[in-house]
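A short write-up of the structure that comes next.
There are 2 protein chains.
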Amino acid sequence: MRSTRRPQPALEKLSRAPTIRDVARHADVSVATVSRVLNRPELVSPDVVQRVHSTIRLLEYIPNGSARALASRATRMVAAVMPTIDGAIYSKMISAMQQAFERRGFVLSIAAHEYSLLRELESVRALIERGVDAIILVGKIHDPAVYDLIRRKRIPLLLMCVYEPDGEWPTVGWSNRAGGMRIANYLVDIGHRNFGIISGIRADNDRAADRVDGFVAALKSRDLDIPEDCIVQCRYDLAESANALRHLLAGEQPPTAILCGNDVLATGALLECLRLGIRVPQDVSIAGYDDLPLAAHLVPPLTTLRIPAEQIGRLSAETVIGLIENHPTPHHVNVEVDLILRGTTAPAGARV
Amino acid sequence: MRSTRRPQPALEKLSRAPTIRDVARHADVSVATVSRVLNRPELVSPDVVQRVHSTIRLLEYIPNGSARALASRATRMVAAVMPTIDGAIYSKMISAMQQAFERRGFVLSIAAHEYSLLRELESVRALIERGVDAIILVGKIHDPAVYDLIRRKRIPLLLMCVYEPDGEWPTVGWSNRAGGMRIANYLVDIGHRNFGIISGIRADNDRAADRVDGFVAALKSRDLDIPEDCIVQCRYDLAESANALRHLLAGEQPPTAILCGNDVLATGALLECLRLGIRVPQDVSIAGYDDLPLAAHLVPPLTTLRIPAEQIGRLSAETVIGLIENHPTPHHVNVEVDLILRGTTAPAGARV
DNA sequence: TTGAAAGCGCTAACAT
DNA sequence: ATGTTAGCGCTTTCAA
Chain G
1 MRSTRRPQPA LEKLSRAPTI RDVARHADVS VATVSRVLNR PELVSPDVVQ RVHSTIRLLE
61 YIPNGSARAL ASRATRMVAA VMPTIDGAIY SKMISAMQQA FERRGFVLSI AAHEYSLLRE
121 LESVRALIER GVDAIILVGK IHDPAVYDLI RRKRIPLLLM CVYEPDGEWP TVGWSNRAGG
181 MRIANYLVDI GHRNFGIISG IRADNDRAAD RVDGFVAALK SRDLDIPEDC IVQCRYDLAE
241 SANALRHLLA GEQPPTAILC GNDVLATGAL LECLRLGIRV PQDVSIAGYD DLPLAAHLVP
301 PLTTLRIPAE QIGRLSAETV IGLIENHPTP HHVNVEVDLI LRGTTAPAGA RV
Chain B
353 MRSTRRPQPA LEKLSRAPTI RDVARHADVS VATVSRVLNR PELVSPDVVQ RVHSTIRLLE
413 YIPNGSARAL ASRATRMVAA VMPTIDGAIY SKMISAMQQA FERRGFVLSI AAHEYSLLRE
473 LESVRALIER GVDAIILVGK IHDPAVYDLI RRKRIPLLLM CVYEPDGEWP TVGWSNRAGG
533 MRIANYLVDI GHRNFGIISG IRADNDRAAD RVDGFVAALK SRDLDIPEDC IVQCRYDLAE
593 SANALRHLLA GEQPPTAILC GNDVLATGAL LECLRLGIRV PQDVSIAGYD DLPLAAHLVP
653 PLTTLRIPAE QIGRLSAETV IGLIENHPTP HHVNVEVDLI LRGTTAPAGA RV
C-alpha cells in the first residue's frame with residue numbers, strides 16, 4: 001500500500017489505448033476511485049476528482065463502453081425500429097428522439113422494417129442481442145414473439161404514434177382513428193357527401209388502418225356510406241397516389257372530397273389534379289394527415305391534421321429514459337393534434 | 353471430466369437469462385465449443401453444431417453483445433454522424449446504409465450535428481466511447497480533433513458525399529463542384545446570362561460551398577460575372593428559400609435563371625413563383641440539385657442534378673464493411689450524377 | 001476436434 | 001473517502 005504520493009514519472013507512451021488502470025496508476029488512486037470519478041463524482045473528494053480528470057485528459061483516456069456495459073448491465077443505448085426512415089414524418093421523429101437521447105448521454109440505434117412485422121421482429125432480436133437498454137416501436141400491433149422477447153429480457157418497451165392508456169405497454173402518441181374522424185367530420189360539415197379515400201397499405205400498419213377506420217366511422221355516423229371502390233390503397237408514393245386519384249375521379253359518381261392517409265398521398269393527389277386541370281378546391285377538395293413542412297407551401301396549401309412530430313420524438317425519448325432510470329414518469333402521453341384548415345378544401349358545390 | 357453423454361435433466365427454469373455456460377452444460381460441451389459454433393462453426397464437427405444449436409433454441413439463449421465486444425474487441429456497430437436526419441436526401445442515404453449494414457449483421461447508430469463541426473466532434477467522441485467499429489461522416493472538412501481521435505483509436509473512417517481520391521481517407525461520393533458546374537454550364541448553353549444563386553449556409557458545409565464554387569466557376573469560365581448580392585444563403589427551408597427568391601427578383605436586373613443549392617431550395621423558389629404569378633420557366637428558369645422524389649412531380653417538374661442517394665448509402669456501407677473486415681475493397685468510389693432536364697428550365701428570353 | 005483457463009476493462013459490493 | 005477484489009459473459013490462446 002502506498003503511503004505517500006510520489007511525483008509521477010513522465011508520461012510513458014503506451015502502445016495500447018490507456019485503460020482505467022493506467023489512469024489509476026498515474027493519478028495514484030485505485031481503479032475504483034477512477035470509476036467513481038466517472039460515475040458518481042459526488043462520492044469523491046474534490047481534489048481527487050480534479051487530479052483524476054487531469055490525468056484522464058493527459059492520457060487521453062476513453063472509457064471502454066463494452067466493458068462498462070458488461071459490468072454494469074447498461075449500455076446507454078436505445079433502439080428505435082421504425083416502419084421507414086426516409087419519410088418526412090418519421091425522419092423528423094427520429095431526429096427529435098436522437099437529439100433528446102444525445103442530451104441525456106444515450107445513443108440511438110435505428111432500424112427500418114419497411115412495414116413488415118416479421119422484419120421488425122428480426123431487428124428487435126438483433127438489437128436486443130446488442131444489449132440495448134430499451135426499445136421503441138411504432139404502433140400497437142407487433143409479432144407476439146416481439147413481446148415475448150422483450151418480456152423475458154425485461155427491457156422497457158415504448159410504443160409510439162399510438163395512444164393506448166389501457167394497454168400493457170407505455171405509449172406516446174394520439175388516436176389515429178379520432179384524427180381520421182376529425183377530418184372526415186369537417187368535410188361533411190362543409191357539405192360534402194361523396195368521398196374518396198386514398199390510404200396507405202393497411203396490412204401490418206395499424207396506424208393506416210385506424211385512420212381509414214376513423215374516416216369511415218365518421219361518415220357512417222353521419223349516415224353516409226362509402227363504396228368499397230372509393231377506398232384505394234397504395235404505397236406512400238407520389239406517383240401511386242396520382243394513379244389512385246385518377247381512379248377515384250373516373251368512377252360513376254366522382255367524389256367531391258378526397259381523404260388521404262397522409263400528406264404524401266395528398267400531395268400526389270393534389271399535384272395530379274393540377275396536371276389534369278382539375279381545380280382544387282373548386283372541383284374537388286383534398287385533405288391530408290401529418291402536416292409536413294411542404295403542406296403549408298403547396299399551391300394551394302394543404303388542409304391537413306397536424307401531428308407534432310418533434311414533440312412526439314422528444315417525449316418518446318424522455319419517457320423511455322424515465323422507464324430505464326425508473327423515474328416516476330407518466331407511462332402514457334397523449335399529444336395534441338390539430339386540424340389545420342388551408343386552401344385545398346372548400347364547401348361542396350362552391351364552384352367559386 | 354465427463355466420459356459419457358448423459359441424457360440431460362429436464363430444462364430447469366433459470367431465473368436469470370441463460371449464458372454461454374448454461375448452453376455448454378446442457379449440450380455437454382465446453383464453452384469454447386459453444387463459442388466456436390457461434391463464430392467459426394466450420395471448426396466444429398457437424399453433430400456437435402447440431403446439438404449446440406438445438407440447445408440454444410431450447411434455452412432461448414441470446415448471446416451478450418457487450419461481453420462479445422469486450423472479448424473480441426469488435427462491436428459490429430457502425431456510427432454515421434450526419435449533418436441532419438430529416439432532410440429527404442440524407443434520410444434516404446441513412447435508410448440505404450442501414451439496410452446494407454443489417455444484411456451484413458451490423459447495426460447502425462446515428463447522430464446529427466445540424467451543420468456544426470463542433471457538435472460533430474462531440475458525437476464522434478461519444479460514439480467511439482461506445483466502441484463502434486467504424487465511423488461515417490459527411491464531407492471532407494472536419495475538426496482536426498476528429499481525425500486525431502480516429503487515428504489514435506485506429507478506427508476506419510469513411511467520408512461520404514464527397515470524392516477525394518488523393519485524400520488520406522476513403523470517400524464515397526462525387527464532386528459537388530463539378531455537379532454545380534454542370535448545371536450552370538447548361539443554363540449558359542441555353543442562353544442565360546443573368547443568374548441568381550440560392551445556396552445553403554456554407555459555413556461548416558463544404559458540400560454547399562463546393563456547389564456554389566462550381567456555379568460561379570462555370571459562369572466565370574464563360575466570361576459571366578455574378579454580383580455578390582445575387583448569391584443568397586439560407587437554411588434548407590421552403591419559407592427561407594421563398595424569401596431568397598423574392599430578394600433575387602427584386603434587384604435591378606433580375607436574373608433569368610436561379611441556381612439552387614438543393615431541391616428543397618428549388619422547391620421553395622418554384623412554389624413562391626407560382627404564388628407570385630411568375631411563370632416558370634417562361635419568366636424565370638429554376639434548377640435544383642439532388643433530385644428528390646418530389647422533383648419529378650412538381651408542376652412544372654424540376655430540372656435538377658440527380659444524386660443516387662440509395663447507391664451512395666449502400667456503397668458507403670459496403671466500403672466500410674470492407675474496411676472493417678480488411679477486404680481488398682476500393683477505398684474511393686465515384687458515383688455518377690446526372691443532369692435531369694425537366695420543365696423548370698427553358699432557353700432565355702423564350703417567352704413561350 | 002475439443003477443453004481448460006486466462007484475460008478483455010470495467011463496476012460494485014465489501015472492507016477499511 | 002478510498003481501496004481490494006470478485007465477477008460481468010464472452011473469445012482465444014494453448015494444450016491435449
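Here the protein sequences come in this chain order: G and B. All letters in the first sequence, in the order written, are residues 1 to 352 by this note's numbering. All letters in the second sequence, in the order written, are residues 353 to 704 by this note's numbering. From the three backbone atoms N, C-alpha and C, an ideal C-beta is built for every residue, glycine too. The structure displayed is predicted, hence computed values, not measured ones.
is_contact[residue i, chain G] using C-beta, thresh 8 Å
i         : result
B/Ile-437 : yes
B/Gln-605 : no
B/Ala-560 : no
B/Val-704 : Caution is warranted here: a pLDDT of 45 is assigned to B/Val-704, below 50, making its placement in the model unreliable, and the coordinate value is therefore given only provisionally. Chain G, which has no Cβ nearer than 8 Å to the Cβ of B/Val-704, makes this no.
B/Gln-360 : For B/Gln-360, the predicted model reports a pLDDT of 46, less than 50, meaning its position is unreliable and no value from the coordinates is stated.
B/Pro-680 : no
B/Gly-417 : yes
B/Gln-450 : yes
B/Glu-592 : no
B/Val-651 : yes
B/Pro-792 : The structure shown has nothing for residue 792 of chain B, since chain B only spans 353 to 704.
B/Lys-572 : no
B/Gly-552 : no
B/Ile-555 : Per the sequence shown, residue 555 of chain B should be read as Ala rather than Ile. No - not a single Cβ of chain G is within 8 Å of the one on B/Ala-555.
B/Arg-598 : no
According to DSSP, residues forming a beta bridge with residue i
i         : result
B/Ile-487 : B/Ala-431, B/Leu-509
B/Gly-548 : B/Ile-610
G/Val-392 : Given that chain G is displayed from residue 1 to residue 352, the structure contains no residue 392 of chain G and the question cannot be resolved.
G/Arg-222 : In the DSSP output, where bridge partners are listed per residue, G/Arg-222 has none listed.
G/Gly-173 : G/Asn-334
G/Asp-290 : G/Arg-306
C-beta neighbour in chain B for residue i, strict 8 Å
i         : result
G/Ala-126 : yes
G/Met-77  : yes
G/Glu-102 : yes
G/Lys-153 : yes
G/His-332 : no
G/Val-107 : yes
G/Ala-17  : yes
G/Ala-266 : no
G/Ala-69  : yes
G/Arg-130 : yes
Integer-rounded CB distance, given that residue j should sit under 8 Å from residue i
i         : j         : result
G/Val-78  : G/Ala-134 : 5 Å
G/Ile-278 : G/Gly-196 : The Cβ separation is near 13 Å, so there is no contact.
G/Gly-313 : G/Ala-96  : 3 Å
G/Val-188 : G/Leu-137 : The pair is not a contact, with the Cβ atoms about 34 Å apart (cut-off 8 Å).
Proximity to residue i [Cα-Cα], best of the options
i         : options                                    : result
G/Leu-108 : G/Thr-267, G/Val-284, G/Gln-98             : G/Gln-98
B/Pro-435 : B/Arg-425, B/Arg-456, B/Ser-468, B/Arg-455 : B/Ser-468
G/Val-280 : G/Ala-266, G/Arg-211, G/Pro-293            : G/Ala-266
B/Ile-437 : B/Pro-660, B/Glu-670, B/Ala-464, B/Gly-665 : B/Ala-464
G/Gly-87  : G/Glu-114, G/Arg-68, G/Ala-80              : G/Glu-114
G/Ser-66  : G/Ala-74, G/Asp-166, G/Thr-171             : G/Ala-74
G/Lys-92  : G/Val-333, G/Arg-21, G/Gln-311, G/Asn-334  : G/Gln-311
G/Trp-169 : G/His-142, G/Arg-177, G/Arg-193, G/Leu-248 : G/His-142
B/Ala-639 : B/Leu-597, B/Glu-677, B/Ala-669, B/Glu-604 : B/Leu-597
G/Phe-101 : G/Ser-316, G/Ile-340, G/Glu-252            : G/Ser-316
G/Ile-198 : G/Val-31, G/Ile-231, G/Asp-210             : G/Ile-231
B/Thr-681 : B/Arg-482, B/Leu-510, B/Asp-500, B/Ile-372 : B/Leu-510
B/Leu-473 : B/Arg-482, B/Arg-456, B/Ala-497, B/Ile-462 : B/Ala-497
B/Arg-455 : G/Asn-64, G/Arg-119, G/Gln-50              : G/Arg-119
B/Leu-646 : B/Val-636, B/Ser-573, B/Leu-623            : B/Leu-623
G/Leu-149 : G/Val-132, G/Thr-304, G/Pro-227            : G/Val-132
B/Asp-635 : B/Arg-534, B/Ser-382, B/Val-400, B/Asn-546 : B/Asn-546
B/Ile-446 : B/Ala-376, B/Val-651, B/Ile-462            : B/Ile-462
Alpha helix (DSSP H) segment containing residue i, residue limits
i         : result
B/Ala-463 : Counting along the chain, B/Ala-463 falls outside any alpha helix (DSSP H), though it belongs to the beta strand (DSSP E) covering 459-464.
G/Gln-50  : 46-59
B/Thr-385 : 383-391
B/Val-616 : 615-628
B/Val-672 : 661-677
Boundaries of the beta strand (DSSP E) in which residue i is found, first to last residue
i         : result
B/Ile-638 : 637-639
G/Thr-345 : Counting along the chain, G/Thr-345 falls outside any beta strand (DSSP E), and DSSP gives it neither H nor E.
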